[in-house]
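A.B. asks: Got a structure here, written out as C-alpha cells. Questions coming.
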Amino acid sequence: MVRTLAGIVAIALLSAGLAAFQTTGARTLDIYWIDVEGGAATLLVSPSGESLLYDAGWENDGRDANRIAAAARQAGLTKIDHFVMSHYHADHAGSLPALAKLMTFGHCYDRGDFVEPMNRKWYDNYLGSCAGKRTIVKPGDTIPFAGVRVDVVASDGQLIAKPINGGGANPLCAAAEHQPHEGPENERMVSALFTFGRFTFLDLADLNWEKELELACPVNKVGHVTLWQAGRHGALDGAGAPGFLYAIKPQIVVVNNGPRKGLASPSPGAQKAMTAHYERIMKSPGIEDVWQVHLALFDKDHNTKPDMIANVEETADCKGNWIKASVRPDGTFTITNGRNGFSKSYRAH
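Residue 169 in our numbering is what sits at position 92 of the sequence shown, and the numbering runs on without skipping anything.
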C-alpha cells in the first residue's frame, strides 16, 4: 500500500492527539452546581477542557465570585470560555464584576437589552463584564461548546418552534393546571438543552410555570431528559408545572437551592411556603434521585436523602460545597457530593 507524506503526517498527528487525549483523562463532560446559596451558577467542562458557566450567583462581597473561581480552578481552568446570562436578576448576575476580576471571559450570550428599571444594575453588571464579547441568542440557535450540543430552547419570551430530542404530543396537556403569566424577567430568560451522546441536561433557569407549559403543550418540544436542574431553585409554586415536568421525565433532578430559598420555600410574591415541592418532583415518572445543594430548612421533612445534600448548615462558616456530575460518552454518569464524597452512578436512558 502506498502512503503519501501528507497521509503519514495526518495519521501521526491523529495518533498524537489521541494519545494526549487519553493521557489527560479529560474524557468526561463535567457539570458543577456551585453553592451560591439560592442563586444559580452551573459550570460545565467539556471533554476537551472547554468551559461554560451558566449564571453567576449573588453580589455579596465576593463570596460567590470566589466560590465560582475556586470550582473553576479545581476543574483545571484558567478562564471561562463561554458565559451564559439567563436573565438580569441579582441571584444570577450579582457576582459578575467580582468574578470578571478573577477569571477572564471569552464569549458571552444573553437574550437582549430589554430590562426593567429595578433590574438595571444587574444588566449593567453583565454589560460591564462582557463588553465587546456578547452574542444575543434566539430560540433555535446553538451555542458552540466543544463536543457538546447546546440548543437554545427559550430566549426573550420566545420558544423553539419545532420539537427536538424526540419530543412529541403531550397527553398531559388536556388536564394541565395553568397559572397567570409573571413579570418580564421570568418570561424572557435564556434556557438551554445540553446533549452529550445519550445524556441530556435541561437548564431553564427561572422560566415560569406558564412558559414551561408553552414549551410542553400541546407538544413537548424538549423530549425526555436525563437531568433537570429544578426551576426557580426548587420553589415550585411558580415552576415545575406537572404538565411539563411529568412530560420531560427526568431521571435525576438537581436543586440549586439555599437554606431558606428554593425547595419548600415560597417564590417572591407567594403568600406561603409550599411544602409539596419535593413530593411533586418525586411523582415524576421514572425519577431515580434528587440531589440538593442545600438542606431546605423551611421544612426539614421535605428533603432528599442526607448523603445527597451538599450543604447542611446555615452559618457564616458554610463551606459552599458543590455537586458534580461526570458524564462519559457511553451515557453512564456519576454524581458526587463535594461535602462527603458520596457518589452514585447511573445510565442515561
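Note that the Cβ used here is the ideal one computed from N, Cα and C, for glycine as well.
For the pair the segment 326–337 and the segment 112–127, tell me if three or more CB-CB distances fall below 8 angstroms.
C.D. replies: Using a C-beta cut-off of 8 angstroms, the segment 326–337 makes contact with the segment 112–127, since at least three inter-stretch Cβ pairs fall below that distance.
A.B. asks: Taking contact to mean 3 or more Cβ pairs, one atom from each stretch, closer than 8 angstroms, check whether the segment 279–289 and the segment 259–270 are in contact.
C.D. replies: yes
A.B. asks: How about T219 and D233: do their beta carbons lie closer than 8 angstroms?
C.D. replies: The residue labelled residue 219 in the question sits at position 142 within the sequence shown. The residue labelled residue 233 in the question sits at position 156 within the sequence shown. Taking 8 angstroms as the Cβ cut-off, T219 and D233 do not qualify as a contacting pair.
A.B. asks: On the criterion of 16 or more Cβ atoms from any shown chain inside 10 Å, does K178 qualify as buried, or is it exposed?
C.D. replies: As a working note, residue 178 is residue 101 in the sequence shown. Exposed, by the Cβ-count rule.
A.B. asks: Under the three-state reduction of DSSP, which class applies to G308: helix, strand or coil?
C.D. replies: For this step, residue 308 is matched to residue 231 along the sequence shown. It is helical.
A.B. asks: Please state whether the Cβ-Cβ distance between S172 and A142 is less than 8 angstroms.
C.D. replies: Numbered from its first residue, the sequence shown carries residue 172 at position 95. Numbered from its first residue, the sequence shown carries residue 142 at position 65. Yes, the pair counts as a contact, with Cβ atoms nearer than the cut-off.
A.B. asks: Would you tell me roughly how many angstroms separate the C-alpha atoms of G245 and D378, rounded to the nearest one?
C.D. replies: On the sequence shown, position 168 is the one that residue 245 refers to. On the sequence shown, position 301 is the one that residue 378 refers to. Cα-Cα distance, rounded: 36 angstroms.
A.B. asks: Determine which residues share a DSSP beta bridge with H169 and list them.
C.D. replies: Here residue 169 is taken as the residue at index 92 of the sequence shown, counted from 1. H169 is not bridged to any residue.
A.B. asks: From the DSSP secondary-structure annotation, give me the bridge partner or partners of Q369.
C.D. replies: Residue mapping note: residue 369 aligns to position 292 of the sequence shown, counting from 1. Q369 is bridged to V332, I386.
A.B. asks: Helix or strand or just coil, what does DSSP make of N202?
C.D. replies: Taking the sequence shown and counting its residues from 1, the one referred to as residue 202 is at position 125. Reduced to three states, the DSSP call for N202 is helix.
A.B. asks: How would you label P383, buried or exposed, when you count the other beta carbons within 10 angstroms and need 16 or more for buried?
C.D. replies: Here residue 383 is taken as the residue at index 306 of the sequence shown, counted from 1. When all chains shown are included, P383 counts as exposed.
A.B. asks: Cα separation between F419 and N388?
C.D. replies: In the sequence shown, counting from the first residue as 1, residue 419 sits at position 342. In the sequence shown, counting from the first residue as 1, residue 388 sits at position 311. Each residue's Cα considered, the two are about 13 angstroms apart.
A.B. asks: Given A324, which residues of its chain have a CB within under 6 angstroms of its CB, disregarding the five upstream and five downstream residues?
C.D. replies: For the purposes of this step, residue 324 is taken as residue 247 along the sequence shown, with counting starting at 1. Excluding its 5 nearest sequence neighbours in each direction, A324 has C-beta neighbours in its own chain below 6 angstroms: N247, L249, A293, N297, listed in chain order.
A.B. asks: Contact check, P319 vs R357 under 8 angstroms by CB: the rounded distance?
C.D. replies: Walking along the sequence shown from the start, residue 319 turns up at place 242. Walking along the sequence shown from the start, residue 357 turns up at place 280. Confirmed, Cβ separation roughly 7 angstroms.
A.B. asks: Quick one: what's W110 bridged to in DSSP?
C.D. replies: As a working mapping, residue 110 is identified with position 33 in the sequence shown. T119, I400.
A.B. asks: Rounded to whole angstroms, what's the CA-CA distance from N380 to L372? Just pull it up for me.
C.D. replies: In the sequence shown, the residue the question calls residue 380 occupies position 303. In the sequence shown, the residue the question calls residue 372 occupies position 295. Pairing N380 with L372, the inter-Cα distance amounts to about 7 angstroms.
A.B. asks: Assuming P174 contacts G126 (C-beta within less than 8 angstroms), just tell me the rounded distance between them.
C.D. replies: The residue labelled residue 174 in the question sits at position 97 within the sequence shown. The residue labelled residue 126 in the question sits at position 49 within the sequence shown. With a Cβ gap of about 26 angstroms, P174 and G126 do not count as contacting.
A.B. asks: Closer than 7 angstroms by C-beta to P124: which residues in its own chain qualify, once you throw out the five before and the five after it? Chain order, please.
C.D. replies: Numbered from 1 along the sequence shown, position 47 holds the residue referred to as residue 124. Cβ within range, chain order: A103, R104, T105, L106, G224.
A.B. asks: Which whole-angstrom value is the C-beta distance of V122 and Y186, which I expect to be below 8 angstroms?
C.D. replies: Your numbering for residue 122 matches position 45 in the sequence shown. Your numbering for residue 186 matches position 109 in the sequence shown. Rounded, the Cβ-Cβ distance is 17 angstroms, inconsistent with contact.
A.B. asks: Could you check where the alpha helix (DSSP H) with H354 kicks off and where it finishes?
C.D. replies: Translated into the one-based positions of the sequence shown, residue 354 becomes position 277. Residues 354–359.
A.B. asks: Put C185 into one of helix, strand or coil per three-state DSSP.
C.D. replies: Along the sequence shown, one-based indexing puts residue 185 at 108. Strand.
A.B. asks: I'd like to check one pair, G317 with H354: are the Cβ atoms closer than 8 angstroms?
C.D. replies: As a first step, residue 354 is located in the sequence shown; it is residue number 277 there, counting from the start. As a first step, residue 317 is located in the sequence shown; it is residue number 240 there, counting from the start. Their beta carbons are under 8 angstroms apart, which means H354 touches G317 by this criterion.
A.B. asks: Do R275 and G408 have their CB atoms nearer than 8 angstroms?
C.D. replies: Position 198 of the sequence shown, counting from 1, holds the residue named residue 275. Position 331 of the sequence shown, counting from 1, holds the residue named residue 408. Cβ atoms of R275 and G408: closer than 8 angstroms.
A.B. asks: List the endpoints of the continuous alpha helix (DSSP H) containing D141.
C.D. replies: Walking along the sequence shown from the start, residue 141 turns up at place 64. Where D141 is concerned, the enclosing alpha helix (DSSP H) stretches over 140–151.
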